[in-house]
Structure formats: C-alpha cells, structure tokens
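Trainee: Chains as they are written, first to last, in the working numbering: chain A, 1 to 116; chain B, 117 to 228.
For each residue, glycine too, the CB sits at the ideal point set by N, CA and C.
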C-alpha cells in the first residue's frame, strides 16, 4: 500500500521564479492538504482540496495556488518566489472530507525548497 | 482560533525510560481531535496517536499513550520504554474540519 508521495524531493529556485510541487495521496484517500514548514517551526496550513476544489485556505497570499486532478493527486504552485518561501512543503492526505475531526492526515516526505 | 502550546523545546531521556512530552491547547470548538506526530531528520511527519474530544478513555498505540485532561486542556504524549530510534521532533496538533494547527514541537534525544 503506497503512502503519500511527493516530487521533487529538493528544489532550488531564484527570487521571482515560479515553482510547482506535486503530491499523490495515499491509496483510498481523496482529500489533499498542503503545509509549509519553515526551519525550526511547526507546519502551517496552506490549503486543502477535495473534489477538485479548494475547500479551506490558511493565511497565505494569492501567490500560493493549487489544483487537484480527477485521480486525487494535487499540485501546489507558488509564483513570484520570495526568499521567505524557502521551507519544507508537506502534503497530507486523508480519507474523505466529512468535516469530521477524526480523519487522520497522513503526510508525505516533503519537498525542500530553497529560494536564492 | 485554535492554538497549540508546547513549552519544552528539548527533552532528554535514557534508553528504556519513559518520557512525557507536554501539550496544551486552546479552542472554542466543542468537537475536535488532538494528534501527535513524529518528525525524524528526514522530514516526514509520522502519525503516532489520535484523541477525540469526546473520547472517554485515553488513547494508546503500542508504546505511545495520550494523557488527555480536557478540563486542563492538555494532551500530553507518554512514550514508554524509550528507544534510540525515538530521537526526533515531536509535534502536537489540533484538528477541526481537517485543518491541522501545530505547535512548535519538542526535540527528544534518547541516550544509550
């Protein structure tokens, strides 16, 4: 049973560039959430996708956008990169957007983004 | 808004001993979940244990148990019989409608 996968594992970009990160959820999961984890901090919620729509969004600017595909995989896009966007980006999947707190989120290995 | 506070930046424990990692939370939601995750240096967040706000009994998963005190708004993680492989960052999180809010984490170091 494959877990959550993310690609690429590492990425180096320069300020002003755009980046796309990819995530495939755990088998049987249809909800995908994205988190940003800066060095020394806990993960911060970016947004969540279910049925190809953004269902919840955290306190992140519009430079951060996403997409979910019919096969439940997801992309995170960040435009006009800033130095402060350097972080570990984590994708998490869960089995169904039931609005219930008991749906545990399972995380992928993350993508480490460095903006120079 | 939901909030998690982890006041222990670092903890040390000897192998085979038990250790408690502290977590307090704040929420106005009547129904919520509390989660603990382990993050090794590789970066992946590994789910350890879950406690629902209406669960009467404290959750247990192998060597992990969650000491849930609702009146105190605390959800401490207890690791029994620590192993060298337990050395990692540990994050407490609260979830409602699936968004997770994390604390700043506690770094646990297990020594031989």
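Please confirm if residue 66 of chain A has its CB atom under 8 Å from at least one CB of chain B.
Mentor: In the first chain, counting from the first residue as 1, residue 66 of chain A sits at position 66. Not an interface residue.
Trainee: If you draw a straight line from the C-alpha of residue 201 of chain B to the C-alpha of residue 154 of chain B, how long is it?
Mentor: Position 85 of the second chain, counting from 1, holds the residue named residue 201 of chain B. Position 38 of the second chain, counting from 1, holds the residue named residue 154 of chain B. Their Cα atoms are separated by approximately 11 Å.
Trainee: Report buried or exposed for residue 215 of chain B, applying the criterion of at least 16 other Cβ atoms within 10 angstroms of its Cβ.
Mentor: On the second chain, position 99 is the one that residue 215 of chain B refers to. With 16 or more other Cβ atoms within 10 Å, it is buried.
Trainee: Whole angstroms are fine: how far does the CA of residue 223 of chain B sit from the CA of residue 110 of chain A?
Mentor: In the first chain, residue 110 of chain A corresponds to position 110, counting from 1. In the second chain, residue 223 of chain B corresponds to position 107, counting from 1. If I take the Cα positions, the gap works out to 19 Å.
Trainee: Please state whether the Cβ-Cβ distance between residue 207 of chain B and residue 42 of chain A is less than 8 Å.
Mentor: Within the second chain, the letter at position 91 stands for residue 207 of chain B. Within the first chain, the letter at position 42 stands for residue 42 of chain A. Yes; because the gap between Cβ atoms is below 8 Å, this pair is in contact.
Trainee: Taking the CB atoms as reference points, tell me whether residue 66 of chain A and residue 77 of chain A lie closer together than 8 Å.
Mentor: Along the first chain, read from residue 1 onward, the residue named residue 66 of chain A stands at position 66. Along the first chain, read from residue 1 onward, the residue named residue 77 of chain A stands at position 77. Contact: yes.
Trainee: With DSSP as the reference, label residue 62 of chain A as helix, strand or coil.
Mentor: Taking the first chain and counting its residues from 1, one reaches residue 62 of chain A at position 62. Here residue 62 of chain A sits in coil by DSSP.
Trainee: Please classify residue 137 of chain B: does DSSP put it in a helix, a strand, or coil?
Mentor: Indexing the second chain from 1 puts residue 137 of chain B at position 21. Annotated three-state conformation of residue 137 of chain B is strand, per DSSP.
Trainee: What does residue 216 of chain B touch in chain A if you count any residue whose Cβ is under 9 Å from its own?
Mentor: On the second chain, position 100 is the one that residue 216 of chain B refers to. Residues of chain A passing the Cβ test: 33, 35, 43, 45, 92, 105.
Trainee: Measuring CA to CA, which of B:196, B:119, B:211, B:186 is closest to residue 129 of chain B?
Mentor: Position 13 of the second chain holds residue 129 of chain B. Among B:196, B:119, B:211, B:186, the Cα nearest to that of residue 129 of chain B is on B:196.
Trainee: Is the Cβ of residue 56 of chain A closer than 8 Å to any Cβ of chain B?
Mentor: To locate residue 56 of chain A, count along the first chain from 1; it is residue 56. Between residue 56 of chain A and chain B, the shortest Cβ-Cβ separation is below 8 Å.
Trainee: By how many angstroms is the C-alpha of residue 149 of chain B removed from the C-alpha of residue 193 of chain B?
Mentor: Looking up residue 193 of chain B in the second chain gives position 77. Looking up residue 149 of chain B in the second chain gives position 33. Going by the C-alpha atoms only, they are around 14 Å apart.
Trainee: CA-CA distance, residue 191 of chain B and residue 138 of chain B?
Mentor: As a working note, residue 191 of chain B is residue 75 in the second chain. As a working note, residue 138 of chain B is residue 22 in the second chain. C-alpha separation (whole angstroms): 7 Å.
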